[in-house]
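Undergrad: Residue numbers in the sequence shown follow my numbering, run continuously in steps of one, and reach 860 at the last position. Yeah, the Cβ is synthetic: ideal placement off N, Cα and C, and Gly gets one too.
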Amino acid sequence: MITLTDEQIEKEYHMHHAIADVKNVLQDLKDDAIIQAPRTVLPVDDNSSMLYMPCISTASKISIIKTVSIFPVNKNLPTTQGNLLVTDLTKGEHKATMDASYLTRLRTGAMTAIATERLARKDAKTLGAIGTGNMAFEQVLGVIEVRDIERIVLYNRTKEKAEAFKERLEAFGIKADIDVVDNASDVVTQSDILNCATQSTEPVFDGNDLKPGTHINGVGSFKPVMKEMDETTIKRASQIYADDLESVKEEAGELIHAVDAGIISWDDIKGELVDIFEQDYLRQDDEEITLYKCVGAGYFDLAVAGGVMKMFTE
Numbered sequence: 547m548i549t550l551t552d553e554q555i556e557k558e559y560h561m562h563h564a565i566a567d568v569k570n571v572l573q574d575l576k577d578d579a580i581i582q583a584p585r586t587v588l589p590v591d592d593n594s595s596m597l598y599m600p601c602i603s604t605a606s607k608i609s610i611i612k613t614v615s616i617f618p619v620n621k622n623l624p625t626t627q628g629n630l631l632v633t634d635l636t637k638g639e640h641k642a643t644m645d646a647s648y649l650t651r652l653r654t655g656a657m658t659a660i661a662t663e664r665l666a667r668k669d670a671k672t673l674g675a676i677g678t679g680n681m682a683f684e685q686v687l688g689v690i691e692v693r694d695i696e697r698i699v700l701y702n703r704t705k706e707k708a709e710a711f712k713e714r715l716e717a718f719g720i721k722a723d724i725d726v727v728d729n730a731s732d733v734v735t736q737s738d739i740l741n742c743a744t745q746s747t748e749p750v751f752d753g754n755d756l757k758p759g760t761h762i763n764g765v766g767s768f769k770p771v772m773k774e775m776d777e778t779t780i781k782r783a784s785q786i787y788a789d790d791l792e793s794v795k796e797e798a799g800e801l802i803h804a805v806d807a808g809i810i811s812w813d814d815i816k817g818e819l820v821d822i823f824e825q826d827y828l829r830q831d832d833e834e835i836t837l838y839k840c841v842g843a844g845y846f847d848l849a850v851a852g853g854v855m856k857m858f859t860e
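1) To which residues does DSSP link Ile602 through a beta bridge?
2) Tell me Leu673's beta-bridge partners as DSSP assigns them.
3) As a quick exercise: from Gly655, Leu828, Asp732, Val727, pick the residue whose alpha carbon is nearest that of Ala743.
4) Using 8 Å as the cut-off, can you tell me whether the segment 666 to 677 makes contact with the segment 693 to 703, which would need three or more C-beta pairs spanning the two stretches below that distance?
5) Give the DSSP-derived three-state secondary structure of His803 in the structure shown.
6) What is the C-beta distance between Tyr648 and Ile555, in whole angstroms, given that I count them as a contact (C-beta under 8 Å)?
7) Which ranges would you report for the beta strand (DSSP E) in the segment 620 to 700 if only whole runs of at least 3 residues count?
8) Please go through the same chain and pick out, in chain order, the residues whose beta-carbon is closer than 8 Å to the beta-carbon of Glu818, but skip the five residues on each side of it.
9) State the beta-bridge partners of Gly764 as determined by DSSP.
10) Identify which residue in Ala564, Ser784, Val726 has its Cα closest to the Cα of Lys707.
11) Which residues mark the beginning and the end of the alpha helix (DSSP H) in which Gly719 is found?
12) Hey, would you say Leu665 sits closer than 8 Å to Thr836, going by beta carbons?
13) Could you tell me which of Lys795, Phe823, His560 sits nearest to Phe683, measuring between CA atoms?
14) If we count Cβ pairs, one from each stretch, closer than 8 Å, do we get three or more for the segment 825 to 845 versus the segment 746 to 764?
15) Can you find the residues in the same chain that come closer than 6 Å, C-beta to C-beta, to Ala783, ignoring five residues on each side of it along the sequence?
16) What does the Cβ neighbour count give for Thr626, buried or exposed, with the cut at 16 atoms within 10 Å?
17) Along the chain, where does the beta strand (DSSP E) containing Ala788 start, and where does it finish?
18) Using the C-alpha atoms, what's the distance from Asn741 back to Ser731?
19) Based on Cα-Cα distance, which residue from Thr551, Lys769, Thr549 lies nearest to Leu588?
20) What does the alpha-carbon distance come out to for the pair Ile580 and Ile608?
21) With a cut-off of 8 Å, does the C-beta of Asn763 fall near any C-beta of chain D?
22) Which residue or residues does DSSP assign as beta-bridge partners of Met793?
23) Mapping the DSSP letters down to three states, classify Asp574 as helix, strand or coil.
24) Roughly how many angstroms separate the alpha carbons of His563 and Lys856, rounded to a whole number?
25) Give the DSSP-derived three-state secondary structure of Asp752 in the structure shown.
26) Is the CB-CB distance between Gly841 and Ala798 below 8 Å?
27) Per DSSP, what are the beta-bridge partners of Val614 in this structure?
28) Going by C-alpha to C-alpha distance, which of Asp591, Trp812, Ile610, Thr604 sits closest to Tyr598?
29) Report all residues from its chain with a CB closer than 8 Å to the CB of Ala807; omit the five preceding and five following residues, and keep chain order.
30) If you drop the 5 nearest sequence neighbours on each side, which residues of the same chain put their C-beta closer than 8 Å to that of Asp814?
31) Starting from Ile822, trace the alpha helix (DSSP H) both ways and give me its first and last residue.
32) Please name the residue, chosen from Gly852, Phe858, Lys839, that lies closest to Gln685 on a Cα-to-Cα basis.
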């Protein structure tokens, strides 16, 4: 059995690889070749959680189980840490254990890329990001993979973190102009595409500030108590898509609240990534607001773990 670190994987396995592998696993899902159990989220305390995600692909003959720790109060360690165990289902042999922090961020960014490619205006030039934690970086990479972004606007409650995030993007080689602003409204009013990646239990921006034609990627909240988007945002969205609807029904706090409040019904969700990854452009016009909500599912982790296995063992 091989062991792979985040650093080893990050050197070789990049966003374009992840997008291709996520599309491949979505085809497996479409072909009924995916078996998974619901993600288990266990609270450690008021702030911290443990996540467990098992999944099998009968097409690729591999299984994974991912364990993720989310400790937002960490100071000298990452707030999110993960590990993946990969098993070859031809003989039941455990083939690899690999760090999953980078792969979790990367697969989520690849999922955002697929949704953005289908839903954001083709002429979108300004990307806004609310929340500049670790998850937010690959969200930016996913968007710039599918849209020609000329300007990025950043906001974080702690401005120093947003400044450090800007420096990280520049060091990575991002050529867009990057600005750090003092409030979320300044991000929202300027954005053609808005990435929101926080674990807030209260909305972090005012939906009234959204420009007509904005596409929103909401990837931060993953518990029913979390609500980073407000009711107005959901009301204004004429098309809403989810990464995995069953998971969203259990974990996406803002959508759960909106359904409970009678703002939308689950039938108003237009579809999942599996419904749109092969489709053409889905936007009806340049004025409508579109929303993609992501909480994650095990088959997305299987996608990137399988891709890494092929890269490092074949």
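TA: According to the structure data:
1) Numbered from its first residue, the sequence shown carries residue 602 at position 56. Ile581, Ser609, per the DSSP bridge assignment.
2) Translated into positions along the sequence shown, residue 673 becomes position 127. Ile698, Ile739, per the DSSP bridge assignment.
3) Residue numbering aside, residue 743 sits at position 197 when the sequence shown is read from its first letter. For Ala743, the nearest C-alpha among the options comes from Gly655.
4) yes
5) What you label residue 803 is simply residue 257 of the sequence shown in a count that begins at 1. His803 carries a helical assignment under DSSP once its states are collapsed to helix, strand and coil.
6) Position 102 of the sequence shown, counted from the start, is the residue given in the question as residue 648. Position 9 of the sequence shown, counted from the start, is the residue given in the question as residue 555. About 6 Å separates the two Cβ atoms, so the contact holds.
7) 626 to 634, 639 to 645, 672 to 676
8) As a first step, residue 818 must be located in the sequence shown, where it is residue number 272. So the list reads Tyr787, Ala788, Asp789, Asp790, Leu791, once near-sequence residues are dropped.
9) Along the sequence shown, read from residue 1 onward, the residue named residue 764 stands at position 218. Beta-bridge pairing links Gly764 to Cys742, Lys839.
10) Here residue 707 is taken as the residue at index 161 of the sequence shown, counted from 1. Nearest option by C-alpha distance: Val726.
11) One-based indexing of the sequence shown puts residue 719 at position 173. First-last for Gly719: undefined, no H or E at that position.
12) By 1-based counting over the sequence shown, the position of residue 665 is 119. By 1-based counting over the sequence shown, the position of residue 836 is 290. Against a cut-off of 8 Å, the Cβ pair of Thr836 and Leu665 comes out as a contact.
13) What you label residue 683 is simply residue 137 of the sequence shown in a count that begins at 1. Nearest of Lys795, Phe823, His560 to Phe683, Cα basis: His560.
14) Judged by Cβ distances under 8 Å, the segment 825 to 845 makes contact with the segment 746 to 764, as three or more pairs qualify.
15) Along the sequence shown, read from residue 1 onward, the residue named residue 783 stands at position 237. Ile835, Leu837.
16) As a first step, residue 626 is located in the sequence shown; it is residue number 80 there, counting from the start. Classification of Thr626: buried, given that the 10 Å Cβ count is 16 or more.
17) Within the sequence shown, numbered from 1, the residue matching residue 788 stands at position 242. 783 to 788 is the span of the beta strand (DSSP E), which, as asked, contains Ala788.
18) Taking the sequence shown and counting its residues from 1, one reaches residue 731 at position 185. Taking the sequence shown and counting its residues from 1, one reaches residue 741 at position 195. It is roughly 13 Å from the alpha-carbon of Ser731 to the alpha-carbon of Asn741.
19) As a first step, residue 588 is located in the sequence shown; it is residue number 42 there, counting from the start. It is Lys769 whose Cα lies nearest to the Cα of Leu588.
20) Locating residue 580 in the sequence shown gives position 34, counting from the first residue. Locating residue 608 in the sequence shown gives position 62, counting from the first residue. C-alpha separation (whole angstroms): 10 Å.
21) Going by chain labels, chain D is absent from the structure shown, which holds only one protein chain.
22) Walking along the sequence shown from the start, residue 793 turns up at place 247. Looking at the sequence shown, residue 793 is not Met but Ser. DSSP, once it has assigned bridges, lists no residue as partnering Ser793.
23) Here residue 574 is taken as the residue at index 28 of the sequence shown, counted from 1. If DSSP states are grouped into helix, strand and coil, Asp574 belongs with the helices.
24) Walking along the sequence shown from the start, residue 563 turns up at place 17. Walking along the sequence shown from the start, residue 856 turns up at place 310. Taking the straight line joining both Cα atoms gives about 11 Å.
25) Sequence index remark: in the sequence shown, residue 752 carries index 206 (1-based). It is coil, neither helix nor strand.
26) One-based indexing of the sequence shown puts residue 841 at position 295. One-based indexing of the sequence shown puts residue 798 at position 252. First, the amino acid is wrong: residue 841 is Val here, not Gly. It is a contact, given that the beta carbons lie within the stated cut-off.
27) For the purposes of this step, residue 614 is taken as residue 68 along the sequence shown, with counting starting at 1. In the DSSP output, where bridge partners are listed per residue, Val614 has Leu597, Gly628.
28) Here residue 598 corresponds to residue number 52 of the sequence shown, with the count starting at 1. Comparing Cα positions, the closest option is Ile610.
29) Along the sequence shown, one-based indexing puts residue 807 at 261. Excluding sequence neighbours, Ala807 sits near Glu777.
30) Here residue 814 refers to the residue found at position 268 when the sequence shown is read from its first residue. Closer than 8 Å at Cβ, skipping near neighbours: Ile786.
31) On the sequence shown, residue 822 is found 276 positions in, with the first residue counted as 1. Where Ile822 is concerned, the enclosing alpha helix (DSSP H) stretches over 819 to 822.
32) Translated into the one-based positions of the sequence shown, residue 685 becomes position 139. Selected option, being the one with the closest Cα: Lys839.
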